[in-house]
Amino acid sequence: MHSFSGIWKSTYLLVAALFLVVAPIAPAFAAADIVVSGDRADAETIKSFFAGTSQAEVDKGLEALRATGRYSTVSASRQGNRVVIKVTEGGSINRVAIEGNSKIPSDKVLPELRTKAHTTFNPQTAASDVTMLSEIYKRNGRAGAKITYRTVPLPNGKIDVVFTVEEGDKTGIKEIK
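Residues are numbered in the working numbering as their position in the sequence shown, beginning at 1, plus a constant of 3.
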């Protein structure tokens with residue numbers, strides 16, 4: 004009877020040792036449950052952003068992918084026990100232009116933009132550039148300026164990004180108290 008308890012003790016120690024060996028590499032196995040879809044998406048690179056398939060790990064991976072600025076859209080969905088990551092790579096920017104600006108020259112504001120030629124287009128970056136341009140116009144007395152952007156597809160698969168400015172009238176000051 005004494006040897007029977009020794010077998011259980013040995014089995015317990017063997018299972019504990021296996022757990023200690025397997026536990027650190029478990030996230031690598033979890034990444035196998037991640038499927039990547041999208042145009043020109045490098046699946047292995049995208050999977051490397053995800054430590055696992057829990058909601059917190061997926062959210063953290065999505066945030067990191069968006070932060071790269073390489074993809075115009077990044078999303079995730081669950082299909083059974085798999086996580087499907089869908090990415091759309093942004094087009095390569097050929098040129099960035101500003102139209103309709105006569106009060107503030109383009110060469111003064113283009114360096115301030117985060118949207119740059121020869122980088123990947125990201126709609127969130129372009130939207131933040133619209134906000135930044137609006138602030139520049141406010142500081143220059145044109146609080147009513149309206150700024151939008153559009154993309155112009157080119158035959159070579161690249162795009163031009165054009166910011167359109169409606170400067171409006173100079174903002175007047177009625178009274179200072």
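A virtual CB, placed ideally from N, CA and C, is assigned to each residue, including glycine.
Determine the closest residue to residue i out of the options, with distance taken between C-alpha atoms.
i: SER75; options: LEU65, ASN84, GLN82, GLY83; result: LEU65
i: ARG73; options: GLU92, VAL87, LEU157; result: GLU92
i: ALA70; options: ASN143, ASN125, LYS173; result: ASN125
i: SER95; options: MET135, ILE49, ALA120; result: ALA120
i: ILE176; options: VAL77, LYS141, PRO156; result: LYS141
i: VAL133; options: THR122, VAL168, SER105; result: VAL168
i: ASN104; options: ALA79, ILE88, ILE139; result: ILE139
i: LYS50; options: LEU136, GLN127, VAL39; result: VAL39
i: ALA79; options: LEU116, PHE166, ASP45, GLY41; result: GLY41
With 16 as the cutoff for other CB atoms within 10 Å, does residue i come out buried or exposed?
i: ASN84; result: exposed
i: ASP62; result: exposed
i: ILE179; result: exposed
i: VAL99; result: buried
i: VAL155; result: exposed
i: ALA148; result: buried
Output needed for residue i: all residues of its chain with C-beta closer than 6 Å, excluding positions within five of it in sequence on either side, in chain order.
i: SER109; result: ILE101
Who are residue i's beta bridge partners in DSSP?
i: ARG98; result: ASP163
i: ALA79; result: ILE88
i: TYR152; result: PHE166
i: VAL61; result: Answer is none; VAL61 lacks a bridge partner.
i: TYR74; result: GLU92
i: GLY182; result: Absent from the model: residue 182. The displayed extent of the chain is 4 to 180, so no value can be given.
Which same chain residues end up closer than 7 Å to residue i when comparing Cβ atoms and leaving out the 5 residues on each side of it in sequence?
i: ALA129; result: THR118, TYR152, VAL164
i: ASN97; result: ALA120, LEU157, LYS161, ILE162, ASP163
i: ALA146; result: THR174
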